[in-house]
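So for the sequence shown, numbering that gives the first Met the number 0 puts the first residue at 0; every next one is plus one.
For every residue, glycine included, the Cβ atom is placed at its ideal position computed from N, Cα and C.
Note that the structure is a prediction, hence the values are computed from the model and not measured.
To start, the structure itself, in structure tokens.
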Amino acid sequence: MVRHRIQPLILGRGTGGQALRHALALYPDEVAPARWLDRDAPLPQPDDPDRTLLVIANPHALHTPRLLEAAERGYRFAICEKPAAVDLAQVRALEGLPVTTWICHGYRMLWGPQQLKRALAAGRFGTVISIEGRYWQASATRPPRPDAWKDAPEISGRFDVLLDLATHWADLVAHVVGRLPDRSTVRRWYVNAAAPHRDTHVHLTMTFGDIVSFGSISKTVHGAGNTLELEIVGERASASWAFERPDVIVWGRERSRSTEARTDAELPARPAPFHGLGWMEGYARVAGEGIAHMQEGRPPDAPTLRQHLDILQCLLAAAEHEAAG
């Protein structure tokens, strides 16, 4: 029996679109070379909806209209960069979307967060007191780029860090805990903002029962790279994981520390371990899960649109509450 390869159609030629093209190319036996779509043209009718994968990586506020258009044209599968929606009206519009859509929250797919999720579920921490950390970048510290699309709220939405970075942080923490937060609060700063609507620094607090999570999330930390760090403070143990050392977890027990290192031999995408893909690993894992579902019907372990919309509702409602004073 001949198994036809999946045909990806990519909308958006920026960093996200290029990353997803490279991620899909890691599966040459299952996936045909990607085709680029014209950003301003209507979506083409899929030749075979069961073998067509729409990849959406255009400006943020345009994700929802394209997903709705995909549903009208009979697409069945999509991968979408975050955020899929930029306000509560778009969130409501995507409710019940008949297109199986995976969201590019790749950090939760990495080895460290997966290990921490298993450890928390197994009770290794005892009572968890807090989950804290930071996600820092430095892009807002540089002179603004002329004609940057994020400066236009009609295509970027009314937020920057809140939906661009804080969605990653909130998804990561909720995934490790295993459920949505009961309550979320945010505070935003606009220091070094390139446009009035572009928040540059966010403090995000989420509560999960007795567990409190606090994240410092920023694009205006001088000297930062892609600084993503997660700390779990528990009754019996603590643990630290950092994206810059993604294949190591540092465990604390009383006054001693120990290191757990990744030992698995290969990723689903088959390159060498020990972070051989860099930040591409998350994209490769999301793509691989989607491909396996389309080809084999295997239940995918990848961030879903439903999970993403729930996180967006938490963040957008918190932002509305902050704005109301």
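>> I need the DSSP call for A147, collapsed to helix, strand or coil.
In response: coil
> Taking buried to mean at least 16 other C-beta atoms within 10 Å of its own C-beta, is H307 buried or exposed?
Replying inline: buried
> Looking at C-alpha atoms only, which residue of A24, Q6, G11 is the closest neighbour of M279?
Replying inline: A24
>> According to DSSP, simplified to helix, strand and coil, what is D341?
In response: This structure gives no information on residue 341, because the portion of the chain shown stretches from 0 to 324.
> How big is the Cα-Cα spacing for P112 and V176?
Replying inline: 10 Å
>> Quick check on the burial criterion: 16 or more other C-beta atoms within 10 angstroms. Buried or exposed for T262?
In response: exposed
> Out of curiosity, what's the CA-to-CA distance linking P195 and Y189?
Replying inline: 8 Å
> Any idea if N57 is buried or exposed, counting beta-carbon neighbours within 10 angstroms, 16 or more meaning buried?
Replying inline: buried
> Quick one: what's got a C-beta closer than 8 Å to Q312's C-beta in the same chain, skipping five residues either side?
Replying inline: L87, V90
> Would DSSP call T199 helix, strand or coil?
Replying inline: coil
>> Taking the straight line between their C-alpha atoms, what separation do you get for C327 and A151?
In response: Nothing can be reported for residue 327: it is not among the residues displayed for the chain, which extend from 0 to 324.
> Between the segment 96–110 and the segment 207–221, do at least 3 Cβ pairs fall closer than 8 Å?
Replying inline: no
>> Using 8 Å as the threshold, is the C-beta distance between P48 and R20 below it?
In response: no
>> Nearest by alpha-carbon distance to L52: which of P32, I5, I154 is it?
In response: I5
> With 16 other CB atoms within 10 Å as the buried threshold, where does P302 fall?
Replying inline: buried
> What alpha helix (DSSP H) runs, 4 residues minimum, are completely inside the segment 19–88?
Replying inline: 62–71
>> Please tell me whether S183 and L203 are closer than 8 Å, where the distance is taken between their beta carbons.
In response: yes
> How many Å lie between L36 and R254 at the Cα?
Replying inline: 56 Å
> So, do the segment 218–232 and the segment 125–137 have three or more beta carbon pairs nearer to each other than 8 Å?
Replying inline: yes
> Would DSSP call G125 helix, strand or coil?
Replying inline: coil
>> Between T14, A18, L8, which has its C-alpha nearest A339's C-alpha?
In response: Residue numbering for the chain in the displayed model covers 0 to 324; residue 339 lies beyond these limits and cannot be assessed.
> Would you call the CB atoms of K149 and R197 closer than 8 Å?
Replying inline: yes
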